[in-house]
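So the structure is just underneath, and the comments pick up after that.
Numbering (UniProt numbering), first residue to last: 1 to 298.
Below, the structure is given as structure tokens:
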């Protein structure tokens, strides 16, 4: 992405996202545009399946920038996000130096050997360091709510400085800050200090018209009637007391599954046969089967 190709307005960005198959409303397009122009991280919060991760992927494609993804999990630490040393290669290098010194009957210079072991060629860049090195790029920090407080503090420092210090090498600083998208399913509250560093965006499940449009956009061969029926049924499923309400990805999977079994419209038989594409828990499937008649009649 260059200054001449960067979106000049939220509408331009929405159009670019639409070209990737991601339909952004005005609020989402404005938030993403401001994050891009202000050089601020975008913190996306919402229920699973509302398109948070897909937004980062779409931004990467729309802006022609590489995507670097950091998947957070319980117990993740800075080393898993930043860098590590390639110990097997370092060991081979050390043995090669020892063999060379033995063959030439010379003594190894301990300081020189140590310095050579911590050369950049032995550095394994993890996602955050990779993003700083490869910037401009899109850095997706996915499900940051699954990490702990210490990792949040680490992220806050990196996002504030757009640099990291590697003791053996020095400071690595991004010439152009990456576009950072952080996502949270709100399994816990993320600290205010991290949120203050970011622009905030809450993502809802799409309404009926928007979900229908998404299905038609992602599955061009999907009949219009079937797209609307699937979207309407998924909207009804979300109103049930489910363990995991279906997101847009499941809605697309369901519509595709119906296409593959040759369904032209959504009826009780085809819905029951393909329910595993949209619901992932037995309890949810049982509850949905009991409600399918009323859902399909609405």
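We put the beta carbon where it would ideally sit given N, CA and C, even for glycine.
Rounded to the nearest whole angstrom, the CA to CA distance from residue 67 to residue 243 is 31 Å. Residue range 170-173 is occupied by the beta strand (DSSP E) that includes residue 172. Just so you know, the alpha carbons of residue 199 and residue 43 end up roughly 6 Å apart. Under the 10 Å beta carbon count, residue 227 is surrounded by 16 or more other beta carbons and is classified as buried. One thing to note: residue 272 has its Cβ no nearer than 8 Å to the Cβ of residue 261. Rounded to the nearest angstrom, the Cβ distance from residue 188 to residue 145 is 5 Å, consistent with a contact under 8 Å. Boundaries of the beta strand (DSSP E) harbouring residue 142: 138-142, taken from the DSSP string. Taking the CA atoms as reference points, residue 58 sits about 14 Å from residue 182. The beta carbon of residue 217 is closer than 7 Å to those of 21, 23 in its chain, skipping five residues each way along the sequence.
Here residue 169 is exposed, its C-beta having fewer than 16 other C-beta atoms within 10 Å. If you ignore the 5 residues before and after residue 278, its C-beta comes within less than 6 Å of the C-beta of 246, 250, 254, all in its own chain and listed in chain order. In the DSSP annotation of this structure, the continuous segment of the alpha helix (DSSP H) that includes residue 272 starts and ends at 268-273. Using a C-beta cut-off of 8 Å, the stretch 126-142 makes no contact with the stretch 86-103, since fewer than three inter-stretch Cβ pairs fall below that distance. Contact between residue 240 and residue 291 holds, with the beta-carbon distance rounding to 6 Å and staying under 8 Å. The Cβ atoms of residue 215 and residue 28 lie no closer than 8 Å to each other. CA-to-CA, the gap between residue 192 and residue 248 works out to about 29 Å.
In the pairwise beta carbon analysis, the stretch 108-124 is classified as not touching the stretch 61-79: fewer than three pairs are separated by under 8 Å. Non-local C-beta neighbours of residue 30 in its own chain, meaning closer than 8 Å and more than five positions away in sequence, comprise 10, ordered along the chain. Annotation for residue 84: the continuous beta strand (DSSP E) segment containing it runs 83-85. For residue 45, no alpha helix (DSSP H) segment is defined; the enclosing uninterrupted segment is the beta strand (DSSP E) at 42-46.
Residue 202 is bridged by DSSP to 45. Contact between residue 295 and residue 224 does not hold, since their C-beta atoms are separated by about 19 Å, which reaches or exceeds 8 Å.
Inclusion of residue 81 and residue 70 in the CB contact set at 8 Å is warranted, their separation being smaller than that value.
Residue 158 is positioned such that its CB atom lies no closer than 8 Å to that of residue 165. Our two residues, residue 186 and residue 52, have alpha carbons roughly 12 Å apart in a direct line. In the displayed model, residue 263 falls within coil according to three-state DSSP, outside both helix and strand.
Secondary structure remark: continuous beta strand (DSSP E) runs of at least 3 residues inside the stretch 52-124, in chain order: 67-71, 83-85. With distances taken between CA atoms, residue 62 lies nearest to 32 out of 39, 32, 265. In the assembly as shown, residue 177 is a buried residue. Its beta-carbon has 16 or more other beta-carbons within 10 Å.
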